[in-house]
Amino acid sequence: MSDRKVWRNLRKLKHLSGAFAGRIPFNIGTFIFGALFVYMIISILLYLTADHITVYQVTAGPLSKNQTYTAMALRNEQVVTSAGSGYITYYARENSKVAKSGVVYTLGTQQQEAAVAQLDEADYADLRLSMANFASYYSDSNFYDTYNFKYELEGSILQYTGIQADESGNVPQSVNGSTVYTADQAGVILYSIDGYEDVTEDTLSPDLFDRRSYRKQSLSTSRQVEAGDQVYKLITSEDWSILIPLTAEQTVQLSGRETIKVNFLKDNTTQTGNFTIVTDADGNYYAKISFTSGMIRYAQERFLDVELVTNTQTGLKVPLSAIVTKEFYVIPKDYVTYSEEDGTAGFNKVVEQGEGEDPTAEFVEAVIYDEDEENYYVDTSTFQEGDVIIKPDSQDTFTVEDTSPLEGVYSVNRGYAVFRQVSIIDQNDEYCIVETGTSYGIAQYDHIVRDGSTVKEDDILIN
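Mapping of the sequence shown onto this note's numbering: position 108 corresponds to residue 222, and the numbering continues sequentially without gaps.
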């Protein structure tokens, strides 16, 4: 080939390569973007085709919330009427205990204020505490309590005047020209009535529990009374009870109890009372819970919001769908031994040697999940079926082959499924309560697989 032809061919190749490069230019940014796009497509496809699990966070508490009810309080209540006419001044503080022959009120021919002694810091502290408690429990729906509190506060201040008894314990018959009246018997004094004072379990009816028609009348708003007018109410016994209307289903659920724990929602105080179920004339069922203390805390309340503490089983709450079973080797307790180095539990496994050599015993550390009176439950990863172990300080042997299931859940705290043994103590249709503090168990706030059938042990999980 001549030199002229060679040069002509070189010019053609150069022309072709330049034309090709112009059509498909190489750009490093375009290449990286394309690679990332392909990676994202593959990742999305893997995510859409992978099996996903739902994780549940373990919580502590009862299996279900206790039911709340509206209860009606019944007490030994005595309405006292005025023994005379005139302007009345109350001296006993409402919702306080008054002794027999203790001063309650005075009656005079003209309206007057009682002389008040100088209050000290302790007196002021009591008044501030009373006002703080009223503010804490105040509700717009019970505005009339404002007036009750006004007279209660007034009574508290008047009480500090201290109509003093003489050395023999007798109180004066008159003060500042007004006649002094005392209580015929000891009790807790109230200055309101509501018409429920004579209600007993024998006179129950569903209408009594209609709070919309309930009315309370204050007796301390009137400054002038006539003989025979109702002036105060006295609760004469610490024994009291609450009544709760029940449905047929609730009656069945609560029947058979002799005592029950009650949580009073007003102040979150819990008290245990004697429990019975009573009926009215029409066959309606009511729970009657009787107490021998705590009456004064709720003496001003006819209706109380209460919680009957019937769900007493507490523990770790998990879904029933999370419960799975796993087989474990069952090995007699007599065969367990302990490492001389760190004291860990394990078994002496028989290891066959070469031909003509005696077998030897090799210590194998074991993960013991549970036990009963005679056996340990050992993780199946510890041995192969048919392995032989030897009893310490003996020539007795045991062949590892029998298994038994244990209940548990799959923990995902480490990003893969780990079996954790649980012991169920109570359950309903959806959830169960398991014991806390068990070996190889779960703890509050652990994350477990909600549906245990969707994974296997040691699966790496994608959320």
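Each residue gets a CB set at the ideal place from its N, CA and C atoms; glycine is no exception.
> Roughly how many angstroms lie between the CA atoms of I574 and K375, to the nearest whole one?
Replying inline: One C-alpha to the other measures close to 47 Å.
> Ordered along the chain, which non-local residues of its own chain (more than five positions away) have a Cβ less than 7 Å from that of Y399?
Replying inline: Cβ neighbours of Y399 beyond the five flanking positions: L360, T365, I391 and T393.
>> My parser needs the beta strand (DSSP E) runs of 3 or more residues fully inside the stretch 415-463; what are they?
In response: 417-423, 428-433, 438-446 and 450-452
> Measuring CA to CA, which of G342, K402 and D572 is closest to V532?
Replying inline: It is D572 whose Cα lies nearest to the Cα of V532.
> Are S332 and Y305 touching if we call contact CB-CB under 8 Å?
Replying inline: yes
>> Using only CA atoms, which one of E441, E521, V420 and E549 lies nearest to Y183?
In response: V420
> Using the rule of at least 16 other Cβ atoms within 10 Å of the residue's Cβ for burial, across every protein chain shown, is F442 buried or exposed?
Replying inline: When all chains shown are included, F442 counts as buried.
> Apart from the five residues on each side of it in sequence, which residues of its chain come closer than 8 Å, Cβ to Cβ, to P473?
Replying inline: Excluding sequence neighbours, P473 sits near V464, V465, E466 and Q467.
> Around the C-beta of A229, are 16 or more other C-beta atoms found within 10 angstroms, so that it is buried, or is it exposed?
Replying inline: The predicted position of A229 is uncertain, since its pLDDT is 46 and thus under 50; a value taken from the coordinates is nonetheless stated next. Classification for A229: exposed.
> Which of helix, strand or coil does DSSP assign to Q364?
Replying inline: helix
> Which word fits T203, buried or exposed, when buried means at least 16 other C-beta atoms lie within 10 angstroms of its C-beta?
Replying inline: buried
>> Using only the alpha-carbon positions, how far apart do G370 and E311 sit?
In response: 30 Å
> Exposed or buried, T168, counting other C-beta atoms within 10 Å across all chains shown (16 or more means buried)?
Replying inline: Exposed: under 16 other Cβ atoms inside 10 Å.
> Cβ of Y346 within 8 Å of Cβ of I303?
Replying inline: yes
> Under three-state DSSP, which class holds N141?
Replying inline: coil
> Do three or more CB pairs link the stretch 534-541 to the stretch 495-503 at distances below 8 Å?
Replying inline: No contact exists between the stretch 534-541 and the stretch 495-503.
> Hey, which unbroken runs of the beta strand (DSSP E) at 3 residues or more fall wholly within the stretch 482-549?
Replying inline: 482-485, 489-492, 502-504, 511-513, 517-525, 532-535, 538-541 and 545-548
> How long is the line joining the alpha carbons of L177 and P433, rounded to whole angstroms?
Replying inline: 10 Å
> According to DSSP, which residues form a beta bridge with A475?
Replying inline: BP columns for A475 point to V464.
>> Rounded to the nearest angstrom, what separates N377 and N388 at their Cα positions?
In response: The straight-line gap from Cα to Cα measures roughly 14 Å.
> Could you give the distance in angstroms between the alpha-carbon of Y545 and the alpha-carbon of T552?
Replying inline: Looking at the two C-alpha atoms, the distance is approximately 19 Å.
> On the premise that A185 lies in contact with I356, defined as a C-beta separation below 8 Å, what is that separation, rounded to the nearest angstrom?
Replying inline: 4 Å
> Under three-state DSSP, which class holds A333?
Replying inline: Checking the displayed sequence, the identity of residue 333 turns out to be Leu instead of Ala. Note: L333 maps to coil in three-state DSSP.
> Is DSSP giving V152 helix, strand or coil here?
Replying inline: helix
> Can you give, in chain order, each stretch of the beta strand (DSSP E) that sits fully within the stretch 376-422 and has at least 3 residues?
Replying inline: Within the stretch 376-422, the complete beta strand (DSSP E) runs of at least 3 residues are 383-393 and 399-405.
> Among residues of its own chain, excluding the 5 on either side of L318, which ones have a beta-carbon nearer than 7 Å to its beta-carbon?
Replying inline: L357, D394 and Y400
>> Mapping the DSSP letters down to three states, classify S91 as helix, strand or coil.
In response: As shown, the chain starts at 115 and ends at 577. That puts residue 91 outside it, with no answer to give.
> Residues in its own chain within less than 8 Å of T511 by CB, not counting five upstream and five downstream?
Replying inline: V464, V502, I503, I504 and K505
>> Tell me the DSSP secondary structure of F134 in three-state form.
In response: Unreliable placement is indicated for F134, whose pLDDT of 46 sits below 50; the coordinate value is still reported in the next sentence. In the structure shown, F134 sits in a helix (DSSP, three-state: H, G or I).
> Taking the C-alpha atoms as reference points, what is the distance between E487 and T350?
Replying inline: 58 Å
> Taking the alpha-carbon positions, what's the I562 to V450 distance?
Replying inline: 31 Å
>> For T424 and T517, I'd like the C-alpha separation in whole angstroms.
In response: 38 Å
> Counting pairs of beta carbons, one from the stretch 218-225 and one from the stretch 189-202, are three or more of them closer than 8 Å?
Replying inline: yes
>> Suppose contacts are defined by Cβ-Cβ distances below 8 Å. Is I437 in contact with E549 by that definition?
In response: No, these two residues do not count as a Cβ contact at 8 Å.
>> Out of Y412, A362 and S567, which one is the CA nearest neighbour of Q385?
In response: Y412
>> Is the separation between the beta-carbon of T406 and that of E340 shorter than 8 Å?
In response: no
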